[in-house]
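First comes the structure, then the notes that go with it.
Protein chains: 2
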Amino acid sequence: MRKTNRIKTPILLVVLVLGISASAPTPAQYTAIPLQSWTEGPVKKAILDFVTRVTRQDGPDFIPLRDRVAVFDNDGTLWPEQPIVQVAFMQAKIKEMAAQDPSLYEKQPYKAALNGDLAYLMQAGAPAMMELLAATEANMSDEQFTASVKTFFKSARHPKLGVPYAQTAYQPMLEVFDYLRANGFQIWICTGGGIDFLRVISWDAYQVPPERVIGSSIQKEFVEKDGKSVLWRKAQIQSINDKNEKPVNISLHIGQRPVFTAGNVRSGGDIAMLEYSQGRAGPSFQLVINHDDAEREFAYREKDTSTLTAAKTHNWNVVSMKNDWKTVFAQHGAAQKKAQ
Amino acid sequence: MRKTNRIKTPILLVVLVLGISASAPTPAQYTAIPLQSWTEGPVKKAILDFVTRVTRQDGPDFIPLRDRVAVFDNDGTLWPEQPIVQVAFMQAKIKEMAAQDPSLYEKQPYKAALNGDLAYLMQAGAPAMMELLAATEANMSDEQFTASVKTFFKSARHPKLGVPYAQTAYQPMLEVFDYLRANGFQIWICTGGGIDFLRVISWDAYQVPPERVIGSSIQKEFVEKDGKSVLWRKAQIQSINDKNEKPVNISLHIGQRPVFTAGNVRSGGDIAMLEYSQGRAGPSFQLVINHDDAEREFAYREKDTSTLTAAKTHNWNVVSMKNDWKTVFAQHGAAQKKAQ
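Sequences listed follow chains A and B, in order.
Just so we're aligned, residue 370 is where the first sequence starts under my numbering, counting upward by one.
Just so we're aligned, residue 370 is where the second sequence starts under my numbering, counting upward by one.
Written out as C-alpha cells, the structure reads:
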C-alpha cells in the first residue's frame, strides 16, 4: 500500500514528460527522477554524481556489478531511534509477562524496564540487560522468537508517529535504496540491534531480505526439543554489532569492503564502518545523518561529537534532516499521523 | 571457457527441438534439458520432481521465491576432498616459508606439514594446528590473506586431475546449480573450510559470490596499520563450521532454514545441516553424495557410517557417484587431464 502511494507521483511525472505508457512501470522509469524527497543541494548532488561516476562503463572509476555493495546502519539512519524499536519490543514482552505475574512490577530489573527507568538500567549494567534479554529473546527456539517478534509488530505503533514501525522508514533513504538498486547495488543493513529481530521486519520496512541483515547476535545451540531439531537461543551474547565490530561482521557476512555506507550521529557507533568502506581500493561514498529536525522527527546531538568530527576529517557527506530532506516520512505515514 | 563448453550442446539441442533462434540463449532454454550428466534413476527423478512440485504456483507445495534457499557443503560435495584444497594451500605456504628458512624442515609442526605427516598432526592436535593456521592465515590483514590465496590458486593444480582447482567442480552438481537457479533458488555454500579461503575461488569455481559462502572463521580486529584501517586476522578460532555449528552459522548468515541441502559421506559433518533443512515448515530436499567411484574420482567410506545411517532413517537421497553420474568432471577438465 505505502509503496504504491510513494511511487505514484514520480511515475506519473515520468509518463507525462517522456510520453510513455503507464501500463508497465519499471524501476528504471521511476528512478529516471531519483531522490525526489531530497532538496537540491550538495548532498543530493554528491550521491547522484558518485553513482553516475562509478556506473559509467568506460569511466576510470567504474565499479563492476559484483562489488556494488551498499551498507546502512538502521536505528537513526533508516528509521527513528526514539524510541529504539527493540527496546519497545522488550518492554511490550515484559508487560505481557507482568500481566501473568504482577510481582514483576516490584522486581528489578523488570520494574525499571516497565517504567522506562533508563537511569537504573544504565547503573545496573550488563547483568541486568542480560536478564532482560534472557527473559525476552533467549531460552526459546529461533521459530518461537520470530513468532513473538511478528506478534509485536502486528499491533505495535510508533508512539509519536502513530503508525506501524514498518511505515516509519525515512522516505529519502528509501529513495536512496531505489536509486542504488536501479544501479545494480546490493542493499545491506548493519544494525547495532539484534539480527534476528530486524530480519522479521526488514522486508516489510525496506524490501531488504533477511540474509542482507547484519546485527548483534546471541549464541545458539542445535538441539532436539520435543522430537524436533531446533536452534535454541542461549542467554549469552555472541557479538555486539557496534563500533569496531561492525567492520568485523560486515567482513563475515559480505566478504568485501562496501562501496557505499551510511550511518548517523548519536553514539559514534558507525565511524568504524564508514572508515572501513573508505579504506577500500577504489572509489567509495560515506553518508552521515544528523538529527536536527525537532519539528518533523527529532533533534539530538552526540556528547563527544565524534561522528561529526570524523566526518569533517574524512570528508564524509553529512545530511541535515531539516535542510536536505523535503519529506521525512512517506505520505501514508503522514496521513495516518494527521488522522489521529 | 569451461562454462561455454558445458552449455553448447544443450542449447543446440533446444534450438533444434523447439525451432527457436539461437541468437538469445537464456537459462530457461538451457535448463529445458536439466541435469544432463545424471543417469536416469531415482535420484535425478527425485530432484526434478521436487523442484517441479515446489515451483508450481497453484500447487499445494508451492514455495515462494524468497524462501528458495539451497545450501551445499563444499569439500566432497562440490569438488574432491582428496586432497583437501585448503590443506594443500597450507602446505604450499609452509614450503614458501621453508625456502626462506630451511630450519622449518626440522621443526615441528612444520616438518609434519611439509611431509604430509597426518599421523603426527592428529596426535599433536589443536596447538599444532593453531600454529600452522597462525603461520599461514593469521597475523595479517584480510587483504594480505586474500592476495596470498589468489597467488596460490593461480599456479596450483589438483595432483590427480592436473587442472586448476577452479576446474575440479563436479559437473553434475554444477548442473544442479543451473537448474535450481533457473527455478529461482539462491545457491549458498556452507563449508567446513575457511570462509575467507573459499570466497577467493567460489565465483570462478561455482559462480557463487563471496557473500553466499558460509564457513569456518577466525577472529578479527579492526585496527590501524601503517595509517590505514584494516581487519587484522588473529590466530584465534571464531567458529568451526562443522556438524552442529553448520545450522548455527546458516541461521546467522541466511536467517531461515534452507529448502534444499546437500552434503557428503565422510565424517558426519553434514548430518545436522541436513536435519535442520528437513525440520523446516513445508517441503524440503536432502542430498547425500557417496564416494564410490575409485576410477573416475575416489572411493572411501565413513568409519561409523553415521551419514548413511541418518540418510536411511530420514529418507534422504543418496547419490552413488559411480551409478548416478554419467560425467564427474567437466569436459575442459577431462581434456586437460588427457593432455598431461
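Positions of the beta carbon are idealized from the N, C-alpha and C atoms, including for glycine.
Closer than 8 Å at the beta carbon, the chain A residues around residue i
i: B/Ser586; result: Leu621
i: B/Phe514; result: Simply none; closest approach about 11 Å.
i: B/Arg722; result: As displayed, chain B neither begins before 370 nor continues past 709, which places residue 722 of chain B out of reach and without an answer.
i: B/Ala641; result: Phe591 and Ser598
Exposed unless 16 or more other CB atoms sit within 10 angstroms - verdict on residue i
i: A/Val420; result: buried
i: B/Phe458; result: buried
i: B/Arg437; result: buried
i: B/Asn692; result: exposed
i: A/Phe431; result: exposed
i: B/Pro627; result: buried
i: A/Gly638; result: buried
i: B/Arg425; result: exposed
i: A/Thr560; result: buried
i: B/Asp418; result: exposed
i: A/Phe698; result: buried
i: B/His683; result: exposed
i: A/Ser571; result: buried
i: B/Ala495; result: exposed
i: B/Met690; result: buried
i: B/Thr395; result: Because the pLDDT of B/Thr395 is 42, which lies under 50, any placement of that residue in the model is unreliable, and the number read from its coordinates should be weighed accordingly. With fewer than 16 other Cβ atoms within 10 Å, it is exposed.
i: B/Asp565; result: buried
i: A/Arg670; result: exposed
i: A/Leu530; result: buried
i: B/Gln655; result: buried
i: B/Leu501; result: buried
i: A/Gln492; result: exposed
i: A/Gln469; result: exposed
i: B/Lys695; result: exposed
i: A/Ser598; result: buried
i: B/Asp511; result: buried
i: B/Thr678; result: exposed
i: B/Asn659; result: buried
i: B/Asn484; result: exposed
i: A/Gln455; result: buried
i: A/Pro541; result: buried
According to DSSP, residues forming a beta bridge with residue i
i: B/Ala439; result: B/Ile556 and B/Phe629
i: A/Tyr718; result: Here chain A comprises residues numbered 370 to 709, so residue 718 of chain A is not present and cannot be evaluated.
i: B/Ser646; result: Bridge partners of B/Ser646: none, in fact.
i: B/Ala668; result: B/Asp661
i: A/Phe654; result: A/Phe629
i: A/Ser571; result: Its beta-bridge partners do not exist; DSSP assigns none.
i: A/Asp444; result: A/Trp448
i: A/Asn686; result: A/Leu656
i: B/Gly562; result: BP columns for B/Gly562 are empty, so no partner.
i: B/Ser585; result: B/Gly563
Contact list for residue i against chain B, beta-carbon separation under 9 Å
i: A/Asn613; result: Glu590, Phe591 and Val592
i: A/Val582; result: Gly624
Contact list for residue i against chain A, beta-carbon separation under 9 Å
i: B/Arg568; result: Gly624 and Gln625
Residues that residue i contacts on chain A, provided the C-beta gap is smaller than 7 Å
i: B/Ser598; result: Glu644, Tyr645 and Gly648
i: B/Asp511; result: Ser620
i: B/Pro616; result: Phe591 and Leu600
Any non-hydrogen atom of the ligand FMN closer than 6 Å to residue i Cβ
i: B/Val634; result: The ligand FMN is not part of the structure shown, which contains no ligands of any sort.
Contacts that residue i makes with chain B (C-beta to C-beta distance below 7 Å)
i: A/Val454; result: None at all; the shortest Cβ gap to chain B is about 18 Å.
i: A/Val657; result: Result: empty, since nearest Cβ-Cβ is about 17 Å, beyond 7 Å.
Within-7 Å CB hit, residue i to chain D
i: B/Arg568; result: Going by chain labels, chain D is absent from the structure shown, which instead holds the protein chains A and B.
- request: Report the residue ranges of all beta strand (DSSP E) runs contained in full by the stretch 590-621 of chain B; include only those spanning at least 3 residues, in chain order.
  value: 597-608
query: Considering only residues of the stretch 459-545 of chain A, which uninterrupted alpha helix (DSSP H) runs meet the minimum length of 4 residues and lie entirely inside it, listed in chain order?
result: 479-484, 487-506 and 511-524
query: Are the stretch 618-627 of chain A and the stretch 636-654 of chain A touching by the rule of at least three beta carbon pairs closer than 8 Å?
result: yes
message: Using a Cβ distance threshold of 8 Å, determine whether the stretch 628-635 of chain B contacts the stretch 438-445 of chain B, with at least three qualifying pairs required.
response: yes
Validate contact between the stretch 607-614 of chain A and the stretch 585-598 of chain A using beta carbons, cut 8 Å, 3 pairs: yes
- request: Specify whether the stretch 611-620 of chain A and the stretch 515-534 of chain A touch according to this definition: at least 3 beta carbon pairs, one from each stretch, less than 8 Å apart.
  value: no
- prompt: Touch check for the stretch 400-410 of chain A and the stretch 521-535 of chain A: three-plus C-beta pairs under 8 Å?
  reply: no
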